[in-house]
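Following: one structure in structure tokens, then a few remarks.
Protein chains in written order, with this note's numbering: chain A, 10 to 121; chain B, 9 to 123.
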């Protein structure tokens with residue numbers, strides 16, 4: 010049972026344009042949602058998070074939007090840069106369990 | 009610098025052998041976790057420990073074992089009972105309670121290959 014889903018395995022955008030990565034979840038008990046960025050053969054690094062009581066959080070070029078009624082969140086990167094090319098994981102956590110549940114990941118390629 | 013250290017980075021194992029992956033953290037985090045990454049499947053939780061001398065099974069614990077004798081260390085043993093051990097293994101830690109603000113801090117991973 011996949012509680013966090015990233016249905017797009019890959020995304021390719023042109024440098025300078027917007028990248029939009031999507032994520033859906035099924036568990037309404039999730040308190041926090043996070044995005045991690047991962048390069049090959051490295052551990053994921055934290056990118057940005059959002060509490061379930063908010064609908065938007067912004068940090069520089071990165072903005073995460075949360076639509077609780079649709080159980081959907083998205084990560085916007087604007088403008089996209091070649092260095093943003095990586096695998097992006099959406100993750101969710103419930104305060105009850107303390108366990109971080111990950112989506113399958115989306116590979117972003119930003120072309121110069 | 010505080011962080012999580014996983015060793016070795018690459019590990020080869022013959023079929024039928026047990027192998028132990030090391031994970032050490034100096035972040036003073038209470039909780040530690042082991043994940044496995046396979047192509048197209050994201051990160052799946054193997055085992056986690058929220059306090060010393062205690063640990064719980066994750067979603068795919070079969071064929072694995074762990075110990076948590078010290079706060080800083082959470083080694084993972086991949087046993088011969090694990091049917092598909094070839095994968096990228098990630099260790100993580102967090103402040104007790106799951107680290108709701110920032111999630112987990114991850115190590116750089118160990119690539120295990122069964123030959």
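All C-beta atoms, glycine included, are put in the ideal place defined by N, C-alpha and C.
Beta-ladder partner(s) of residue i, from DSSP
i	result
residue 14 of chain B	B:31
residue 31 of chain A	A:83
residue 60 of chain B	Note: residue 60 of chain B sits in no beta bridge, so no partner.
residue 38 of chain A	DSSP lists no partner for residue 38 of chain A.
residue 21 of chain A	A:118
residue 53 of chain B	B:43
residue 13 of chain A	A:34
residue 70 of chain A	Partner(s): none; residue 70 of chain A has no beta bridge.
residue 21 of chain B	B:122
residue 6 of chain A	Because chain A spans 10 through 121 in this model, residue 6 of chain A falls outside it and cannot be assessed.
Beta carbon of residue i nearer than 8 Å to that of residue j
i	j	result
residue 70 of chain A	residue 86 of chain A	yes
residue 51 of chain B	residue 111 of chain A	yes
residue 71 of chain B	residue 53 of chain B	no
residue 61 of chain B	residue 77 of chain B	yes
residue 28 of chain B	residue 83 of chain B	yes
residue 117 of chain A	residue 37 of chain A	no
residue 30 of chain A	residue 89 of chain A	no
Rounded Cβ spacing between residue i and residue j (contact assumed at less than 8 Å)
i	j	result
residue 121 of chain B	residue 94 of chain B	5 Å
residue 103 of chain A	residue 39 of chain A	5 Å
residue 65 of chain A	residue 56 of chain A	So it is not a contact: roughly 15 Å between Cβ atoms.
residue 49 of chain B	residue 40 of chain B	About 22 Å; that fails the 8 Å criterion.
Chain-ordered neighbours of residue i on chain A, where CB pairs are closer than 7 Å
i	result
residue 116 of chain B	51 and 52
Within chain A, the residues that residue i reaches when beta carbons sit closer than 9 Å
i	result
residue 95 of chain B	Under the 9 Å cutoff, chain A gives no residues; its nearest Cβ is about 13 Å from residue 95 of chain B.
residue 119 of chain B	50
Residues that residue i contacts on chain A, provided the C-beta gap is smaller than 8 Å
i	result
residue 49 of chain B	113
residue 72 of chain B	None at all; the shortest Cβ gap to chain A is about 16 Å.
residue 39 of chain B	107
Within chain B, partners of residue i - CB distance below 7 Å
i	result
residue 77 of chain A	Simply none; closest approach about 17 Å.
residue 98 of chain A	50 and 51
Interface residues of chain B facing residue i [CB-CB closer than 8 Å]
i	result
residue 18 of chain A	48
Proximal residues of chain C, C-beta to C-beta of residue i below 8 Å
i	result
residue 69 of chain A	Structure shown: chain C not included; protein chains present are A and B.
ask   = Mind pulling the beta strand (DSSP E) runs of 3 or more residues that sit fully within the stretch 82 to 117 of chain A?
value = 95 to 102 and 109 to 111
ask   = What are the complete beta strand (DSSP E) segments, minimum 3 residues, inside the stretch 65 to 118 of chain B?
value = 72 to 74, 84 to 86 and 95 to 102
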